[in-house]
Amino acid sequence: MSDPSEHYLRYLAPGYDRTEVLEELMGTYGEEVWRFAYFMTRRRDAADDIAQETFIAAYDGMYAYRSESSVKSWLFGIARNKSLHYLRSAFFRRVKAMDNYSLSRSLAGATSSAEQVVMDRMEAGAVWATVFKLKRKHREVLVMAYHYEMSMAEIAAVLGVAEGTVKSRLSRAKQSMSKLLDVSRDEGEIG
442 MSDPSEHYLR
452 YLAPGYDRTE
462 VLEELMGTYG
472 EEVWRFAYFM
482 TRRRDAADDI
492 AQETFIAAYD
502 GMYAYRSESS
512 VKSWLFGIAR
522 NKSLHYLRSA
532 FFRRVKAMDN
542 YSLSRSLAGA
552 TSSAEQVVMD
562 RMEAGAVWAT
572 VFKLKRKHRE
582 VLVMAYHYEM
592 SMAEIAAVLG
602 VAEGTVKSRL
612 SRAKQSMSKL
622 LDVSRDEGEI
632 G
């Protein structure tokens with residue numbers, strides 16, 4: 442299959458129905474953009490708003506897309522900026538309550554016992570809770586690299602930093618995760 446960026450280039454000629462392109466973008470990347478916004482904000486309601494705002498901004502800026510990065514990187518860049526704006530807003534600073542989160546919706550296969558399913562979910566929940574303890578700049582590179590399988594170049598494009606900076610942040614994130622998970626294991630929180 443060809444590069445996803447090339448796929449969308451044919452749609453971006455002036456006069457093309459942007460609504461059709463937007464629907465395809467939302468169908469292809471909507472869930473991933475929402476999850477990324479959730480990783481950034483830790484709030485479902487904020488992720489809903491940010492995902493919607495991301496696609497509105499993509500719709501408005503569709504003809505400005507220059508295919509310097511993949512469509513996914515472009516959308517993640519918009520979602521990241523919207524998330525950072527949300528995190529800096531006065532509303533967020535006043536609201537301290539965080540929704541209970543459960544990122545492991547379907548972890549177990551059909552052959553797992555009920556006990557194993559519960560244990561797997563608890564362990565995955567503890568790992569995600571540990572990810573949320575990381576500094577934002579470490580959390581975001583870790584999520585983009587491992588959860589979304591983005592390349593160093595794509596992450597660098599989303600963050601607007603050099604690839605070396607991404608590698609450094611990822612290394613620090615892994616070190617921090619290792620330390621935090623070791624502490625959790627010692628305290629008996631993770632199997």
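Taken in order, the sequence shown gives residues 442 to 632; the numbers are from the working numbering.
Quick reminder that beta carbons are idealized off the backbone N, C-alpha and C, glycines included.
Remember, it's a predicted structure, so these values are computed and weren't measured experimentally.
Pull up the CB-CB distance for residue i and residue j, whole angstroms please, since I reckon it's below 8 angstroms.
{"i": "Tyr470", "j": "Lys513", "result": "6 angstroms"}
{"i": "Arg610", "j": "His579", "result": "6 angstroms"}
{"i": "Phe477", "j": "Phe517", "result": "6 angstroms"}
{"i": "Val599", "j": "Met585", "result": "7 angstroms"}
{"i": "Ala498", "j": "Tyr527", "result": "Between Tyr527 and Ala498 the Cβ distance is about 13 angstroms, and since that is not below 8 angstroms, they are no contact."}
{"i": "Met503", "j": "Val474", "result": "That belief does not hold up - the Cβ atoms of Met503 and Val474 are roughly 15 angstroms apart, past 8 angstroms."}
{"i": "Phe496", "j": "Leu466", "result": "7 angstroms"}
{"i": "Ser575", "j": "Ser617", "result": "One detail in the question is off: residue 575 reads as Leu in this sequence, not Ser. Rounded, the Cβ-Cβ distance is 6 angstroms, consistent with contact."}
{"i": "Gly483", "j": "Phe573", "result": "Note on identity: in this sequence residue 483 is Arg, with Gly being the wrong assignment. About 6 angstroms separates the two Cβ atoms, so the contact holds."}
What does the Cβ neighbour count give for residue i, buried or exposed, with the cut at 16 atoms within 10 Å?
{"i": "Lys620", "result": "exposed"}
{"i": "Ile596", "result": "buried"}
{"i": "Ser511", "result": "buried"}
{"i": "Lys520", "result": "First, the residue type needs correcting, since residue 520 is Ala and not Lys in the sequence shown. So Ala520 counts as buried."}
{"i": "Tyr587", "result": "exposed"}
{"i": "Thr571", "result": "buried"}
{"i": "Val694", "result": "The structure shown does not extend to residue 694, since the chain spans only 442 to 632, so no value can be given for it."}
{"i": "Ala594", "result": "exposed"}
{"i": "Ala505", "result": "exposed"}
{"i": "Glu447", "result": "In this prediction, Glu447 has a pLDDT of 46, which is less than 50 and means its spatial position is unreliable; what the coordinates show is noted afterwards. Classification for Glu447: exposed."}
{"i": "Thr460", "result": "exposed"}
{"i": "Val536", "result": "Only weak support exists for where Val536 lies, its pLDDT of 40 falling under 50; the coordinates are left without a value."}
{"i": "Met591", "result": "buried"}
Do the segment 599 to 616 and the segment 478 to 497 touch if we need at least three Cβ pairs shorter than 8 angstroms? The segment 599 to 616, when compared against the segment 478 to 497, does not touch it at the 8 angstroms Cβ threshold.
Residue ranges of each alpha helix (DSSP H) run of no fewer than 4 residues wholly in the segment 581 to 605, ordered along the chain? 593 to 600
Jot down the residue ranges of each uninterrupted beta strand (DSSP E) in the segment 464 to 526, minimum 3 residues, whole runs only, in chain order. none
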